[in-house]
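Let me begin by presenting the structure, written as structure tokens, before commenting on it.
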Amino acid sequence: MLEILIKNISKIYFSEFKRKKKIAVDTVSLSIDKAEVFGIIGVNGAGKSTIIKMIMGFIRPDSGQIFVSGKSPSDPDSRRRVGYLPENPYFYDNLTAREVLMFSCQASGLDKQTADKRIKILLKQVGLYDEQHQKLRTFSKGMTQRAGICFALVHDPDIIILDEPMSGLDPLGRKIVIDLIDDLKKRGKTVLFCSHILNDVERICDRVGIMDGGSLEKIYTKDEILETADAVNNLEEIFLKTIGRDE
Amino acid sequence: MMIRKLLALAILTYKEGVRDRALFGIGLFSLFMMTGSILVVSMFMRELHKVTVDINLSAITFAGLLLSFFVSINLMSKDIDRHTIYSVLSKPFSRSQYVWGKYLGIMLLIITAMGMLTICSSIAIWFTKFQYLVYFQGFSWIEFYKAVYAELLMFFMLNALIVFFSTITTSSFITLLFSISTYIAGQTIEEVVLFLKTKHAADMALSKGITTIIDVVQYILPNLSVFDLKTQSAHAITISWNYLAAITCYSGAYSIVLLIMASLIFNRRELK
Amino acid sequence: MKRQSILIVFLIVAMGACFFFQKNLGKEREIFLKENYMGYVLPSKITGPISLEFSGIVSDFLFLKVSTFLGTKFIQNEKLEEKHAKFIYDSINILTDLDPWFWDAYLLADTILTWDFRRIDLANTLLFKAREHRTTDFQVPYHIGFNYFYFLKDNANGAKYLLEAARLPKAPSYLSALATRLSMYQNQYAPAILFLNDILKTTQSSELKKQLETRLETLFIMDSLEKEVHEFKKRFGSFPDHLSDLVDKGLVESIPDDPYGGKFVLLENKRVYTTSKMIYK
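In order, the protein sequence lines correspond to chains A, B and C.
Reading the first sequence from the start, the letters are residues 3 to 249 in our numbering.
Reading the second sequence from the start, the letters are residues 2 to 273 in our numbering.
Reading the third sequence from the start, the letters are residues 859 to 1139 in our numbering.
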């Protein structure tokens, strides 16, 4: 069963009383299988975040269809097994990490005991266990990012959607995230994320989609990436070639 | 299951609001007014209970207004502005559940605040009564609490309005402007209609167009003056249970209408 | 460091100047307010809507304004002028539009408008307004009745309203007796004394208490002098010509001073009154 299915979606933004037109997403189709790790890469403004927001139901596509576990994003039930990390996570200033994570569990229907266990595990995993009772207002960018990752994973979702998960993290933090995604993969979870950092994408993804100017230019599998000659900068080369910006 | 989700969101909203530093200031201001009432009373003549109840009820109401206009609006618009709403909408919440959950949280906050202030004013009134018993002959605790209850009903409506406006507009300033204007209009509409009706009967013959507009506006705008029982309570004039039931139904129905409209509008809204 | 200490010196100088100018302004402001006396009031059609749902405390505030206005006049021993009567009437009228049950306001207006201005018409207008709203308060028709009897010399209406008061809850027991025998008291100060005593018992403001006590004291003196005048008639067959006759004949040791600064005199109708008319000169 396809976890995420996207059929021909488009999104156009009008500005200045419908005079200027910006095509954010142009007829994109893709499908993601269960237990697959799919990465989307592209320059700023290529439409990666827009697609993710449409999957989450924050924005509606102008045309086309989206199915998450067979349900439309306008059905809140489609997000029951989904964990989401936004691009720049913001949390309620006056709440503590623990309270926010408890909310995430409760909203997904976990009982208190399971929630307590999961919260403890995840906080330890990202190294925020000691700060769990501090107000989120006091967190640094890196800490907020790690809290966001916890928020996305604490309720043990089957589908995990991450929008720039490495942003704001130091190398140690990035390692933690990569290990987490690896672990998720081993446990048979489906992961969709977008990133700038091509090295990481290369390492963990089963498939990589390259976006430019709103269109999904090409999808490569892991093997296809490895087949190209240059071992060090495989993905970078492929990326630049695909979007036509190589020398 | 849905109730648990709504409660979780309500408690989340409540916690965020209750730790807002503005609450501390509002609480301090109200306590100041209430202790003031004990002192101010000495400047008056005989019916000291009237002044004490006036000041305490006004303090409670004013605190509620400050809470609604600043903390509630913040809780709604900051959520969308600062993208904290993603924490909620990325979970299995529908837009409508979001609206109801936030409203519930806001009302929990208001009820808690008003509850605490009512306890404080009860102490202030009790103390004043103790000091000036002979001037407190015309006082009634029941009527006092009835007036507090009526104010609470007004806040149910006002905050439903605030939630509604928040779903329409993006700016917290515009929401504040709309809410304050509607509040003022809601407090004065009854008087204005009465004035126009008597004027009409007296000399000015109002055109049919204007009377129709007035009639329509009268039902659309919330009539907030029906919840103002402060003066009656100050003089311990009995407020009938029928009346209380009537305003409860009015407040409930109107608020539900607003929240449903807010849900419908918010359903269509895109969050960039 | 040097720059900071210079700044602090400047600050102290500025604070001193500020204090000096404020004091100066205070004096000027007093003169300004006296010259530009603003006796206008906002009609209730405006104050009503402006107070939104806070008409109660607005009425309290307006009441304080009026009573402090009167209080300062009293303390500074300033005479009240005719224009003040309208001001007091208008202010109380407006604030009782905001709170029609505000008895203290009606009472203040009644006390001042009758005793100090002899504007019984204005006082009664307000009292009738109170009567419409404070339907179970005996004090309202009591004051109306008293005004008719004492100031307007209208026994019929006086009795009518006192009887109405007697029928209301918590009315003092002597009211019905007083009402029926009002004609008997036509030429006595007794009802006024009873009346003022009553008000005094439940008045809390020390300023007003002083005013009432002074008035009561004066009435007592006049009442006892009148009793002596009647005693004089009893003993010597005819009324005295002057109050000094009472002293001459040994009925009283001396004629007391009028607390208001006037002189007690014996009127043509053989009633005792004072040249001050119980108003401070």
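Think of the CB as a built atom: it goes at the ideal place given N, C-alpha and C, for glycine as much as any other residue.
Computed from a predicted model, the values in this text were never measured in an experiment.
Own chain partners of residue i with C-beta closer than 8 Å, once the 5 adjacent residues on each side are dropped
i	result
Leu7/B	Gln98, Trp101, Gly102, Leu105
Asp1099/C	Leu1124
C-beta contact flag for residue i and residue j at 8 Å
i	j	result
Leu1020/C	Tyr1000/C	yes
Phe153/A	Leu186/A	no
Leu272/B	Phe165/B	no
Val42/B	Thr119/B	no
Pro1117/C	Thr1072/C	yes
Asp55/B	Ala235/B	yes
Ala1035/C	Ala1017/C	no
Ile34/A	Leu194/A	yes
Ser909/C	Leu985/C	no
Leu1058/C	Leu1077/C	no
Phe45/B	Val52/B	yes
Phe1009/C	Thr972/C	yes
Phe1094/C	Pro1049/C	no
Gly265/A	His157/A	In the structure as shown, chain A begins at 3 and stops at 249. Residue 265/A is therefore absent and cannot be evaluated.
Phe1097/C	Val1110/C	no
Phe1090/C	Leu1104/C	yes
Contact list for residue i against chain A, beta-carbon separation under 8 Å
i	result
Glu17/B	Tyr94, Asp95, Asn96, Leu97
Leu177/B	Those within 8 Å of Leu177/B in chain A number zero; the least Cβ separation is about 20 Å.
Under 9 Å from the C-beta of residue i: neighbouring residues of chain C
i	result
Lys231/B	Glu911, Phe912, Ser913, Gly914, Ile915
Residue i, DSSP secondary structure in three states
i	result
Gly85/A	strand
Val45/A	coil
Ser197/A	coil
Ala1029/C	coil
Val194/B	helix
Ser217/A	strand
Glu249/A	The predicted model places Glu249/A with a pLDDT of 47, which falls under 50 and marks its position as unreliable, so this point remains unresolved.
Gln108/A	helix
Leu4/A	strand
Ile240/B	coil
Thr189/B	helix
Ser1134/C	coil
Asn10/A	strand
Other residues of its chain near residue i: CB distance less than 6 Å, five sequence neighbours each side excluded
i	result
Phe137/B	His50, Lys130
Lys36/A	Glu5, Thr192
Gly150/A	Leu87, Pro91
Arg139/A	Asp95
Phe868/C	none
Ala161/B	Ser256, Leu259, Leu260
Chain-order list of residues whose beta-carbon lies under 7 Å from that of residue i (same chain, five-residue window excluded)
i	result
Ser12/A	Val27, Asp28, Thr29, Pro63, Asp64, Ser65, Gly66
Asn982/C	Ile1002, Asn1005
Glu249/A	Reliability fails at Glu249/A, whose pLDDT of 47 lies under 50, so the model's placement of it is uncertain and the value that follows must be treated cautiously. So no residue of the chain qualifies.
Glu1075/C	Pro1117
Gly44/A	Lys50, Ile212, Met213, Asp214
Met873/C	none
Ile25/A	Ile14, Gly216
Cross-chain neighbours of residue i in chain C, by beta carbon under 7 Å
i	result
Ala235/B	Gly914
Ser31/B	Simply none; closest approach about 14 Å.
Val52/B	Asp918
Ser226/B	Glu911
Chain C residues whose Cβ lies nearer than 8 Å to that of residue i
i	result
Ile185/B	Leu910
Lys198/B	Per Cβ cutoff of 8 Å: no residues; Lys198/B is ~14 Å from chain C at best.
Glu144/B	Neighbours of Glu144/B on chain C: none; closest Cβ ~13 Å, over 8 Å.
Thr189/B	Pro907, Leu910
Amino acids of chain A, ordered along the chain, whose beta-carbon sits closer than 7 Å to that of residue i
i	result
Asp216/B	Under the 7 Å cutoff, chain A gives no residues; its nearest Cβ is about 36 Å from Asp216/B.
Contact set between residue i and chain B, taken where Cβ atoms lie within less than 7 Å
i	result
Gln108/A	Arg5, Ala9
Chain-ordered neighbours of residue i on chain A, where CB pairs are closer than 9 Å
i	result
Leu24/B	By Cβ distance, chain A contributes nothing, its closest Cβ being about 10 Å from Leu24/B, past 9 Å.
Partners in chain B for residue i, counting only beta-carbon separations shorter than 9 Å
i	result
Glu5/A	In chain order: nothing, as chain B lies at least about 16 Å away.
Would the stretch 91-106 of chain A and the stretch 56-66 of chain A be scored as touching if the rule is three or more Cβ pairs under 8 Å? Segments in contact, no.
I'd like to know if the stretch 172-182 of chain B and the stretch 243-254 of chain B are in contact, where contact means that at least 3 CB-CB pairs between them fall below 8 Å. No: fewer than three Cβ pairs fall under 8 Å.
Quick check: the stretch 222-233 of chain B against the stretch 182-196 of chain B, are there 3 or more CB pairs under 8 Å? Contact holds: three or more Cβ-Cβ distances are below 8 Å.
Stretch-stretch touch, CB-based, cutoff 8 Å, three pairs: the stretch 126-140 of chain A with the stretch 69-81 of chain A: Too few Cβ pairs lie closer than 8 Å, so no.
Okay, do the stretch 881-892 of chain C and the stretch 910-924 of chain C touch, 3+ Cβ pairs below 8 Å being the bar? With a cut-off of 8 Å, the stretch 910-924 of chain C and the stretch 881-892 of chain C do not count as touching, because too few Cβ pairs lie within range.
Would you be able to state if there are at least three C-beta pairs under 8 Å between the stretch 14-25 of chain A and the stretch 191-208 of chain A? No: the two stretches stay apart, fewer than three of their Cβ pairs being nearer than 8 Å.
Contact between the stretch 206-217 of chain A and the stretch 41-51 of chain A (3+ Cβ pairs under 8 Å): Touching, yes.
Would you call the stretch 28-41 of chain B and the stretch 55-71 of chain B in contact, with 3 or more CB pairs under 8 Å? With a cut-off of 8 Å on Cβ pairs, the stretch 28-41 of chain B is in contact with the stretch 55-71 of chain B, counting three or more such pairs.
Evaluate the contact criterion for the stretch 239-250 of chain B versus the stretch 920-940 of chain C: three or more CB pairs, one atom per stretch, below 8 Å. Verdict: no, contact absent.
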